[in-house]
Every structure is written in C-alpha cells, then in structure tokens.
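Residue numbers (our numbering), protein chains in the order written: chain Z, 435 to 589; chain L, 435 to 589.
2 protein chains.
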Amino acid sequence: MRIGELATKAGVDVQTVRYYEREGLIDPPSRTASGYRNYGPAHLERMQFIRHCRSLDMPLADVKRLIALSSDKGVSCDEVNGMVRTHLERVCAKRAALELLEKQLAGLNAQCESGHRVADCGILQELIHAARGEACACHPTQTVGMRSETITRRH
Amino acid sequence: MRIGELATKAGVDVQTVRYYEREGLIDPPSRTASGYRNYGPAHLERMQFIRHCRSLDMPLADVKRLIALSSDKGVSCDEVNGMVRTHLERVCAKRAALELLEKQLAGLNAQCESGHRVADCGILQELIHAARGEACACHPTQTVGMRSETITRRH
DNA sequence: ACTTGACCCGATAGTAACTACAGGGTTTGC
DNA sequence: GCAAACCCTGTAGTTACTATCGGGTCAAGT
C-alpha cells in the first residue's frame, strides 16, 4: 500500500509516517519505479504499535527502545518493566501536580464576577498579590509539565 | 540592578530574562555605557507576576495578554475571567486523561514479573495485542498532553 | 599595571513530536 | 489531454525555554 493508505489505516498524518521513518521507528519500505513508498502489513502493525504506545503518552525514544528489545527475544524483560514503571511515575507525578493546579485555578476563577472592570478584577489582584508574596524564589514551586504532546486520532 | 541579580531574585535563568524581553513580556531596560541592562524594581515585580502565572502553567501568550489588559484599567474583566476558565478547563481535561492513563499503565505494569525473557513479557504482549485491537483508527483515543513545560525554581 | 574570575553581550541552535508549507513530479479517471 | 488527487524532498514553524559560542566588561587582588 502507499503512504496515504498506511497513514489513514494507522490514524495518523502522512507527514508523521515519514517522520517515523526519518527517526528510525519504522523500516524504510521498498519504492516503486517512480519513487513512491510501498508498505506491507508489517509496517501497518508497527505503526499501530507505535500509536498505541503514544496513546499511553510514552516518549518516542522509549518506543524505539521497546521495538529494539522486542526483536531480541532472549534478553531480560526487566528493562521493559522499568521503562513502564518510570513512565507511570512521571504520569502519576504530573497528575498530582495538575490536581493542585486545578484547585488553584478554580479558586482564582471564583474571585471574579462578570461585568466589572479590570481595575477591580479579583483575578488580577490575586495574581499580582500572590506573585509579590512569592518574592523570595528560594522554595521550589510545584512541577507541572512533562513535555508531552496532544495526541488525537483523526478519521 | 543587573540581569544576573534580577534573574536570581525572580528565580529564573539569565537567558530566560532576555527571552522574555525578546518576546515583549518585559520592557527593555535602560543600559549602562558598556551596554549592560539596568533593571528597576518594576521589572522584578513584572518578572514575579510572569513566573507566578507560569507556575499556574499558563501559556506565555495568555500572560502577555493579561499584562496588556491590566494596564488598561477601564476595560471589562470578562476576558481575564474567560482566559482563566479556559485554562482551567484545559487543566481539568488533562488531569482526567492522566488519571485514565495512570490506570492503564498500572495495569500494564502488573503484567510483568522480574527475571523472565522478553519473548514472554506480558507488557510487550499486551502492547502488541492492544495495538492490533485498535486497528480501525476511527474512534479518537483520549487526549493527553497540552504543550506544557517543566517549571521549577532554582536557588 | 596586570591578571583572574565572575559577570555581561548578541546570535545561533537544540529540545519533542510533530505540522505546514513550497515547489515540484505521478497517477488516475474522464 | 487535462484536472484532481496523490506522492516526493526539504525546510521552517510550534512552546518555553536552555546551551553554547566567541567575544567584551568589571572588580578584586597582586
């Protein structure tokens, strides 16, 4: 099949397939006489594996390593296990940070009612006030963020 | 004060201060004869405001808009309110997605016990199997990720 | 006066995982 | 024989920084 069909079946953009090839996540396919890429079912399976891992928000570097490990059947499975656990810890930490954040934002949102002027906007007051209170900069603030991307399927 | 002092007081890197200036989040300060930047207390306050917003994981574009709005006291506060609410919704959606993700990863982690070979690793089996089951690609998978950065203070 | 180290300057490139062009060639159906 | 839909490579953009380069400046000590 050609790249467009593979992309549709895997639920990704054509560019993404080429990107995965550049990054060494899928094998370069054979080409037609005119240079078009020609994929087989194994490529689709690989794409689906990658997308499933990405839907679990795993970094591509981890996915690449998983692919390498899975082709080397004799090797111990500890590394696979470790990678999943590490990833789980990252996700867990981030979720906790976001829970806190959500509370703070909900509190902020409650400061402001519709219709009044910026001059006496509760949110801005609060933001400015809180920023002043934090002046010392010697206590680390919570960590939010994990370098992840939005991952959605298209039809 | 010079850039290093401002950066330390605001708890950021010197580069970050220059970056904020380039992006128009802080006013370009005056310069010494030799070209060094010279900051006043207003700059520090601005930096703290920005960092506080960032600790709430707001995009810099939103922060920039907040700064613009807050200097225009007569304007209605609805936009401020709307920005915070939108951001809260993003955070809430992401937190929910991460909760699901955490469950899935925990389940995956339970598939594998230490010491055996990749050939019969439960995690890999499960990942490959799940990927196959997802073949249709016509139902959007959960959305995780929001384009956010790790934000931590240094000492 | 000289040196050393800490500080500063601008410019550029790198990060993750894509997405979006630009400027071309190919295939397919009518 | 033509247009639409597909494909190609290469490059640049996204976010919020961080890192490095090659240089200039400043303060203290010798």
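Even for Gly, the Cβ is constructed at its ideal location relative to N, Cα and C.
Determine which residues share a DSSP beta bridge with residue i and list them.
i: L:N472; result: L:S464
Who are the near neighbours of residue i in its chain, counting only those whose CB is closer than 6 Å to its CB and skipping five residues on each side?
i: Z:Y473; result: M435, L440 and P463
i: Z:C487; result: V497
i: L:M517; result: D496
i: L:H563; result: none
Helix, strand or coil, according to DSSP, for residue i in the structure here?
i: Z:S510; result: strand
i: L:R551; result: strand
i: Z:E560; result: helix
i: L:A571; result: Any reading at L:A571 needs caution, since the residue's pLDDT is 40, under 50, leaving its predicted position unreliable; the model's value is listed next. Of the three classes helix, strand and coil, the one that applies to L:A571 here is coil, per DSSP.
i: Z:R499; result: helix
i: L:V446; result: coil
i: Z:M492; result: coil
i: L:R529; result: helix
i: L:Q482; result: helix
i: L:A544; result: coil
i: L:R452; result: helix
i: L:M435; result: coil
i: Z:L459; result: coil
i: Z:S504; result: helix
i: L:V518; result: helix
Which same chain residues end up closer than 7 Å to residue i when comparing Cβ atoms and leaving out the 5 residues on each side of it in sequence?
i: Z:L542; result: I557 and E560
i: Z:R581; result: Interpretation of Z:R581 is limited by its pLDDT of 41, a score under 50 that renders its predicted location unreliable; no figure is taken from the coordinates.
i: L:Q482; result: A444
i: Z:C555; result: C546
i: L:L503; result: V509, E513 and V514
i: L:L478; result: L440, K443 and A444
i: Z:I460; result: Y454, H477, R480 and M481
Since residue i and residue j are thought to touch, with beta carbons under 8 Å apart, how far apart are those beta carbons, to the nearest angstrom?
i: Z:C511; j: L:N515; result: Wrong, their Cβ atoms sit about 51 Å apart, outside the cutoff.
i: L:E536; j: Z:L534; result: The pair is not a contact, with the Cβ atoms about 16 Å apart (cut-off 8 Å).
i: L:V448; j: L:G438; result: 6 Å
i: L:L532; j: Z:L532; result: 7 Å
i: Z:R485; j: L:K507; result: About 50 Å; that fails the 8 Å criterion.
i: Z:R465; j: Z:R471; result: 6 Å
i: L:D491; j: L:V525; result: 7 Å
Sorry if obvious, but does the Cβ on residue i come closer than 8 Å to a heavy atom of the ligand FMN?
i: L:H477; result: Of ligands this structure carries none, so the ligand FMN is not represented either.
Cutting at 8 Å between CB atoms, please list the residues of its own chain near residue i, excluding the five before and the five after it.
i: Z:A467; result: none
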